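Trainee: One structure follows; several queries about it will come next.
In the working numbering, the protein residues as written are 1145 to 1281.
See below:
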């Protein structure tokens, strides 16, 4: 599994907005400071905006701002917006009626399920506020 470049850019976008503490930040500034091509930033911001994590502001002084507090936005929230559910466990959601008769007790399935849970827990527990603090140290 590899996170997409869109996910990387979305996390950087939200982090930069959080670091600017409620200020409406122009797309050009975000793109420049975070190393994101402006066209890609706008496309990424559109997805994040649709999920109501950020707000778009029109006009001469337009740009983007956060809609939620940094403590209320997890990395998992952003990953889910940009690339859907993280899928390590290919059996997930299929129930116990897999085609292989041993699927319910398959050690590989159990291993994947454990990894899936660890990733979701880690991404879900890491907030933008926590990322801000690691950026300052």
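Even for Gly, the Cβ is constructed at its ideal location relative to N, Cα and C. All values reported here derive from a predicted model rather than from experimental measurement.
Taking just the CA atoms, how far does residue 1215 sit from residue 1145?
Mentor: C-alpha separation (whole angstroms): 26 Å.
Trainee: In whole angstroms, give me the CA-to-CA distance for residue 1211 and residue 1179.
Mentor: Using only the alpha carbons, I get a separation of about 23 Å.
Trainee: Once DSSP output is grouped into helix, strand and coil, what is the label at residue 1226?
Mentor: Three-state result, residue 1226: helix.
Trainee: Check whether the segment 1216–1225 and the segment 1260–1277 touch, using three or more Cβ-Cβ pairs below 8 Å as the test.
Mentor: Yes: the two stretches touch, three or more of their Cβ pairs being nearer than 8 Å.
Trainee: Can you tell me whether residue 1261 is buried or exposed, with buried defined as 16 or more other CB within 10 angstroms of its CB?
Mentor: Its Cβ having fewer than 16 others within 10 Å, residue 1261 is exposed.
Trainee: Should residue 1167 go down as buried or exposed, given a rule of 16 or more other Cβ atoms within 10 Å for buried?
Mentor: With fewer than 16 Cβ atoms within 10 Å of its Cβ, residue 1167 is classed as exposed.
Trainee: Under a three-way DSSP split, which group does residue 1219 fall into?
Mentor: If DSSP states are grouped into helix, strand and coil, residue 1219 belongs with the helices.
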